[in-house]
Structures are given as C-alpha cells and as structure tokens.
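Beneath this line is the structure, given in structure tokens, with notes to follow.
Structural data, given as structure tokens:
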C-alpha cells in the first residue's frame, strides 16, 4: 500500500525551493570550482606553479574576488571542502565574499568511485557514511547546496542494470539526506563520453539512466522542487568515427531531458 511519508515540513520545502530558484534564476548558471587537490595540482603544473595550499588559495582568491558583475551570470558556486574554509589575503572567508555578491555557496559531497563487484569494471560512488553529519556541519558553515556525481560508462553490456540501479539509488539516498539537512542536492548521473558509441546509443542510455534516477528519487520521497539536475550532453563517444553537428547534439540532449525529467525540477 502506498503511503505518503512526511519527509519534509512545509517550511523546509519552501527554503529548498527558494534556494534552487535562486541558483537557476534567468541568465544564471553554476560555477564548478570544486577541483580536488590532485586536479588543482595538474592545472598549476601547466603554468609551472607548485601545488601548495597557499598557491591554491591565491588562485581561488583571484577567481572569487573579481568585480561584482560576476553575480549577474553566476547563481551558485560549488566548492571543494578546503575552499569552504579558506580566506582571502584580508582574512575574509571566500564563502562570505560569494554570499555578499548574492551567489549561493555549494559543496562537493561525494568521495569518489569504488569498484562495483559483479560488473565489467563499473563503479559506484562512496560518501554515504557520515553524510548526514557532514551535511549538517556544512549547512552551519554557510553551504546551501551539495553536489554528487555518479559515473556510468558505455561499453560492452555497459551500463549494466545493476550499475544503473545502484547509482540511481545512491543518488537518491544522497538527495534525501541533503534535503533533511537543508541543502539542495544537485544530482549528477554522468554518462561519460569514453568509447566509440554513436550519439543515438548515448541518447538511449542517457534516457534509461535518467528514468531510473527519477524513479529512485520518487521512491526515496525526494522533493523535486528542491533539487537540481546536472546532466551530461548526449554525444558520440570520443573514439567514434561518426560526426554530428552542434544542432544535432542539442536536439538529442533536449529530447532525452524532455522524455525523462519531471517538470517540477527547477533546472
């Protein structure tokens, strides 16, 4: 028998919906500035800069302290944990600088992939252990949304039904935990472009993955008006010999979204 579980109060729903709407207000997008220490190291190495905490801090200070006009285009910024607690050269927290510009602060919450046993080198995502406590602390520290990325690959018999269901349910559990702690969850089920598949197959897989994700979100009583989706573009694999126009890629991507994403999702 179906039962409507009262997961969130009306006040919680209102707050989540308002945060989501602020992030995706007309003309605004999200800046992903959640590079890990390793990823930042690769970027700094290209310009022959040592990967130290101070150099990473200086890079982010340049990024976040540009003039206030940036707030006309950026609704939210995703931060890595280190960045959430860093300060500018005057001792002001980056998160406070962003908030003063009217930008919503978010935090990366997943902890990377782990092998999914019984599959062809597919993965699931780590980070559910202790997630509620981390979300509660990040909310106190000024974050208003989170991001969780699940990766699915197209290969021989991949993504498997097991990988799709496991990652969909993990995303749904993350989203539910976020909302209970006042964070808007960005749900990111990414079908990566590695391989030689064509665009039509990517569209088919993307639709299957998104359908599974929204079924799982419904099963976990997630409030859709207080969520955001970060989807992949529907493209051919990097090794594919077929070429598509930007218009074809756009149409395939929009079609996949129209077929699977409920209208209640703000963006």
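Residue numbers (our numbering): 1100 to 1366.
By construction, the Cβ of each residue, glycine as well, lies at the ideal position given by its N, Cα and C atoms.
Quick caveat, the model's predicted, so the values are computed rather than measured.
CA-CA distance, residue i and residue j?
i: residue 1367; j: residue 1343; result: This structure leaves residue 1367 out entirely; the chain is present only between 1100 and 1366.
i: residue 1195; j: residue 1184; result: 10 Å
i: residue 1179; j: residue 1135; result: 7 Å
i: residue 1287; j: residue 1316; result: 13 Å
i: residue 1357; j: residue 1187; result: 42 Å
i: residue 1282; j: residue 1156; result: 25 Å
i: residue 1323; j: residue 1289; result: 19 Å
i: residue 1209; j: residue 1130; result: 17 Å
i: residue 1205; j: residue 1116; result: 15 Å
i: residue 1326; j: residue 1345; result: 28 Å
i: residue 1109; j: residue 1142; result: 44 Å
i: residue 1140; j: residue 1240; result: 26 Å
i: residue 1145; j: residue 1138; result: 11 Å
i: residue 1119; j: residue 1237; result: 17 Å
i: residue 1176; j: residue 1198; result: 10 Å
i: residue 1163; j: residue 1337; result: 33 Å
i: residue 1150; j: residue 1167; result: 28 Å
i: residue 1203; j: residue 1121; result: 8 Å
Please list the terminal residues of the continuous beta strand (DSSP E) segment that includes residue i.
i: residue 1207; result: 1203-1207
i: residue 1246; result: 1244-1251
i: residue 1269; result: It is not in any beta strand (DSSP E) - residue 1269 instead sits in the alpha helix (DSSP H) that spans 1260-1279.
i: residue 1224; result: 1222-1224
Quick one: give me the first and last residue of the alpha helix (DSSP H) that residue i is part of.
i: residue 1345; result: 1345-1359
i: residue 1146; result: Note, residue 1146: premise wrong, no alpha helix (DSSP H); not H, not E.
i: residue 1230; result: 1230-1239
i: residue 1177; result: No alpha helix (DSSP H) holds residue 1177; the beta strand (DSSP E) holding it covers 1173-1178.
i: residue 1129; result: Unbroken run through residue 1129 is the beta strand (DSSP E), 1128-1132; no alpha helix (DSSP H).
i: residue 1186; result: Note, residue 1186: premise wrong, no alpha helix (DSSP H); not H, not E.
i: residue 1291; result: Segment: none, residue 1291 is in no alpha helix (DSSP H) and carries neither H nor E.
i: residue 1152; result: 1152-1163
May I ask you to report which of helix, strand or coil DSSP gives residue i?
i: residue 1297; result: coil
i: residue 1309; result: helix
i: residue 1285; result: strand
i: residue 1122; result: helix
i: residue 1112; result: helix
i: residue 1333; result: coil
i: residue 1213; result: strand
i: residue 1316; result: helix
i: residue 1197; result: helix
i: residue 1383; result: The requested residue 1383 is not part of the displayed model; the chain covers only 1100 to 1366.
i: residue 1328; result: strand
i: residue 1107; result: coil
i: residue 1323; result: helix
Tell me which residues share the same chain as residue i and place their Cβ nearer than 7 Å to its Cβ, disregarding the 5 neighbours each side in the sequence.
i: residue 1124; result: 1174
i: residue 1169; result: 1200
i: residue 1127; result: 1172, 1173 and 1174
i: residue 1311; result: 1263, 1264 and 1267
i: residue 1335; result: 1296, 1297, 1298, 1301, 1341 and 1343
i: residue 1352; result: 1332 and 1333
i: residue 1148; result: 1154
i: residue 1359; result: 1306, 1309, 1310 and 1313
i: residue 1114; result: 1281
i: residue 1339; result: 1295, 1296 and 1297
i: residue 1213; result: 1222, 1223 and 1225
In chain order, what residues of the same chain lie with their CB nearer than 8 Å to the CB of residue i, ignoring the 5 residues before and after it?
i: residue 1348; result: 1298, 1332, 1333 and 1334
i: residue 1181; result: 1136, 1152 and 1155
i: residue 1215; result: 1221, 1222, 1223, 1261, 1262 and 1265
Please list, in chain order, all residues of the same chain as residue i whose beta carbon is under 6 Å from its beta carbon, the five residues on each side excluded.
i: residue 1366; result: 1123 and 1327
Per the contact definition of three or more C-beta pairs closer than 8 Å, is the region 1293-1312 in contact with the region 1245-1252? yes
Counting Cβ pairs closer than 8 Å, one from the region 1210-1227 and one from the region 1239-1246, do we hit at least three? no
Is it a yes or a no for the region 1258-1274 touching the region 1296-1303, going by three-plus beta-carbon pairs under 8 Å? no
Should the region 1262-1274 be regarded as contacting the region 1311-1329, the criterion being three or more beta carbon pairs within less than 8 Å? yes
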